[in-house]
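In order, the protein sequence lines correspond to chains A and B. At the far end of the first sequence sits residue 270, using our numbering, and the numbering has no gaps. At the far end of the second sequence sits residue 1304, using our numbering, and the numbering has no gaps. Quick reminder that beta carbons are idealized off the backbone N, C-alpha and C, glycines included.
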Amino acid sequence: MGNTSSMLTQYDIEEVQEHCNHTFSQQEIVSLYQRFCQLDRNGSGFISAEEFLSVPEFAVNPLSQVNGVASDLKHPHEIKRLLRMLDGLNFKEFVAFLSAFSPHATLQQKIEFIFKVYDSDGNGKVTFSDMLEVLRDLSGQFISEPQREQVLTHVLEEAGYTKNSLLGLSDFMKILGNTGLKMEVEVPVD
Amino acid sequence: MNSSSEIQNQKLTSQLDLDLDFEFDQPSGKLRLRDLLDISPTLTEASGAIIDDSFTRCFKSNPPETWNWNVYLFPLWCLGVVIRYLFLFPARVLILTIGWIIFLSSYIPVHFLLKGHDKLRKKFERYLVELICSFFVASWTGVVKYHGPRPSRRPKQVFVANHTSMIDFIILEQMTAFAVIMQKHPGWVGLLQSTILESVGCIWFNRTEVKDREILTKKLRDHVQGAENNPLLIFPEGTCVNNNYTVMFKKGGAFELDCTVCPIAIKYNKIFVDAFWNSRKQSFTKHLLRLMTSWAVVCDVWYLEPQNIKPGETAIEFAERVRDIISVRAGLKKVPWDGLLKYSRPSPKHRELKQQSFSESMLRRLEEK
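The following block contains the structure:
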C-alpha cells in the first residue's frame, strides 16, 4: 500500500479487510481511508500521536492523557496506553485498531482491546498501578489519590483479588464478560 | 473567572457532550470491580472522535465531483478548460492590471497632494479602495447578490460576518469601504495591508501575541467612537471555515465594545467554485489563481438586522445569538468549537468536566448498598 498515493486499490481494500477479520465492509474501509488521509496531515503514511491530538474532540478525552497530565509529547517514552496504541499507525493498523469498535466485533475482541489499554507494558498482566493510573486519568483532581487507592482495593477484594494480584486476560473476560459491554462506533459512509 | 462565564462555559460544554451523543451516566447500583474496569464509554468517545469529529469537518474542502469521465462530457470539459485558462484567465489578468493602473495612478496623487485636506482625501481613498475591490471581484467574474440595507457610517456600530476566505473582505469592501481587523500576512498581501488598507483604517493583529489583545481592544474602542472613521468589520470566527459550518464567535472584540452589532451573512454557491481558502494547504496567491481560472464566484451577502446586547446577557451569549442569526440565514451548521483550536489544544476545562462527572458518579455508587 503506497504511502504517498491517495488511491486505494481493490487489492488494498481486501488486504485490509482480511487484516481486520472482516469487521468492516469495503465501503467502510474506503471511508476510513479518507479519514486516515485527513488525519495524516503531512502525508507520511502514518498518523503520529501529535496528529491525533490535533482533533479537539480526541484531545479532551481523559484517556488521551498520560498519567493524568495532558500530553505535550516532549518525552516520547512517556506515551502510554491509548496514545501508545495509536502512535505511528499505518492504515492497515488504523483499521485494525478501530475494528474493536465495529458492531461486528465479538465481545471477546472488545474485552481484549480494553485489556490492551490497561496492560501498558504488554506483558499480559495488569497490575494494581496500571488500574490506578487509568482511574487517575478518568477522575483527575476530583478524587484524592488515597481515596482512589482505597476504592480500588475495596472493589478488588470484593471480587476476590488483592492489591498484589496480577490480572490476566482471562480475569478480564470473567469480570467484564457479563456486563453487556457497549463499545460501538459507526463509520459514516457517504 | 466570574460565575456567569463559568455557567456559560458549562452550558457550551454540555452542548458539546450532547453533540457527542453518548450518555455516560446510566449505570447505577453498587460499585463493583467491573464498573471501574469498564472504560468502554470513554473509549467509545475517543474512537468516535478518531473516526469523525465536528471540528475537522469545518475545514474540509469537498473535492469537486468528477463528472467528466465519459466519452461525451470529457471533450466538453476539455473545451471548458481551454476557455478558462486560455481566454478567461488572460482577460481577467488584463482587467485586474487595468484596475491596478487606474487605482495606483489615482491613489498615489490623491494620497500625497491632498495631504492637507483630510476629509476630501479620505473620501477619494475610500472610493478608490471600493473601486479596486470591484476590479478584483470582476477578475473572478464575481456575481454577488447583496440583500438588505447597505451599511451606513455611524459611530458605535460594528459589523460581523462569517469567514470563508480573504475574498470575503474584498466582496464586502467593494460595496462599502470597511475598516477590517486582520491578521498581518507576509508577502505582497502584507504590503497591501500596510499601505493601502491602512488608509481605510484597518487594524492589524498577530494571532500569536497574547498581549496584543489589550492594545487591540483599545484600538477598536477608539475606532468605533469616531464618527469619521469607516465602519468596522470583524470576522469573529478568527479563522477561515469551509462555508458549511460556523465555529464559535470570539466574544472579545466585536461583542464587548458596548455598541450595536450588525450581522452579515455570506454564502458561496459551490456549484461554481469552492471559495474556501484552506490557509494550511495553499497560499493566498494560489487561491486567487484558482478563483481566476474558474468560471465564476457566485455568492449571496445578507446585511441583517442590527443587534444590541440584551440586559442580563453575557458577551458570550450575545456572540452566540448573533452567530445563530448568521448561521440560520446562510444555512450553516453551528459547531461548538473555537476556531483557534486549529493552532492549539483545547483548554483542560472540557476534560475536567468529564472527570468531574465520572468522579461524582463513582462516589455516588460507592455509597449505595
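Of the candidates S245/A, D251/A, V206/A, I191/A, the residue whose Cα lies closest to the Cα of P976/B is I191/A. Here G1173/B is buried. Its C-beta has 16 or more other C-beta atoms within 10 Å. Unbroken alpha helix (DSSP H) runs of no fewer than 4 residues, entirely contained in the stretch 996-1054 of chain B, are found at 1008-1017, 1024-1048, following chain order. For I255/A, the nearest beta carbon of chain B is closer than 9 Å to its own beta carbon. Taking I1261/B as reference, the option from M1297/B, S1282/B, Y1238/B, N1243/B with the minimal CA-CA separation is Y1238/B. Using beta-carbon distances, S209/A does not count as an interface residue toward chain B, since no partner is under 9 Å. Under the 9 Å criterion on CB atoms, R1299/B is classed as non-interfacial with respect to chain A.
In the structure shown, L966/B falls within a coil segment according to DSSP collapsed to helix, strand and coil.
Between T103/A and Q189/A, the CB-CB gap stays under 9 Å. For V175/A, there is no enclosing beta strand (DSSP E); the enclosing alpha helix (DSSP H) has its first and last residue at 171-178. Every unbroken stretch of the beta strand (DSSP E) spanning 3 or more residues and falling wholly within the stretch 1218-1276 of chain B is given here in chain order: 1232-1238, 1268-1273.
Within 9 Å of the CB of R967/B, the CB atoms of chain A belong to V235, E238, A239, I255, in sequence order along the chain. At least one CB atom of chain B sits nearer than 9 Å to the CB of N141/A. In this chain, Q221/A is not harboured by any alpha helix (DSSP H), its DSSP state being neither H nor E. R1085/B and Y113/A have their C-alpha atoms some 47 Å from each other. Under the 9 Å criterion on CB atoms, M87/A is classed as non-interfacial with respect to chain B. V265/A is positioned such that its CB atom lies closer than 9 Å to that of T979/B.
Pairing S1129/B with V1064/B gives a Cβ-Cβ distance that is not under 9 Å. Sequence-distant partners of E131/A (beyond 5 residues in either direction) whose C-beta falls short of 7 Å from its own C-beta, in its chain, are L119, D120, R121. Against chain B, the beta carbon of M165/A has no neighbour under 8 Å; the closest one sits roughly 10 Å away. Counting C-beta atoms within 10 angstroms of its own C-beta, D988/B has 16 or more neighbours from the protein chains shown and is therefore classed as buried.
Within a 10 Å sphere around the beta-carbon of N1005/B sit fewer than 16 other beta-carbons, which makes this residue exposed. DSSP places I1138/B in the uninterrupted beta strand (DSSP E) bounded by 1138-1140. By the rule that beta-carbons nearer than 9 Å mark a contact, S219/A touches chain B.
According to the DSSP secondary-structure assignment, H1082/B is paired through a beta bridge with W1237/B. Inclusion of Q1092/B and V1159/B in the CB contact set at 9 Å is warranted, their separation being smaller than that value.
For I1199/B, the enclosing beta strand (DSSP E) stretches over residues 1195-1203. The shortest CA-to-CA distance from K1154/B to any of G1136/B, S1229/B, E1108/B, C1068/B is the one to G1136/B. Bounds of the beta strand (DSSP E) holding I1116/B are 1114-1118.
Note that the C-beta distance between P1166/B and R1280/B is not below 9 Å. Taking the beta carbon of W1272/B as reference, the chain A residues within 9 Å of it are P136, E137, listed in sequence order. Between R1299/B and E238/A, the C-beta gap is not smaller than 9 Å, which leaves the two residues out of contact. A buried status is given to D199/A, since no fewer than 16 other beta-carbon atoms sit within 10 Å of its beta-carbon. Contact annotation: in the stretch 974-1008 of chain B, residues whose CB is within less than 9 Å of a CB in chain A are I974, S975, P976, T977, L978, T979, E980, A981, S982, G983, A984, I985, I986, D987, D988, S989, F990, T991, K995. Under the 10 Å beta carbon count, F1047/B is surrounded by fewer than 16 other beta carbons and is classified as exposed. Uninterrupted alpha helix (DSSP H) stretches at least 4 residues long and entirely within the stretch 1128-1188 of chain B occur at 1147-1160, given in chain order.
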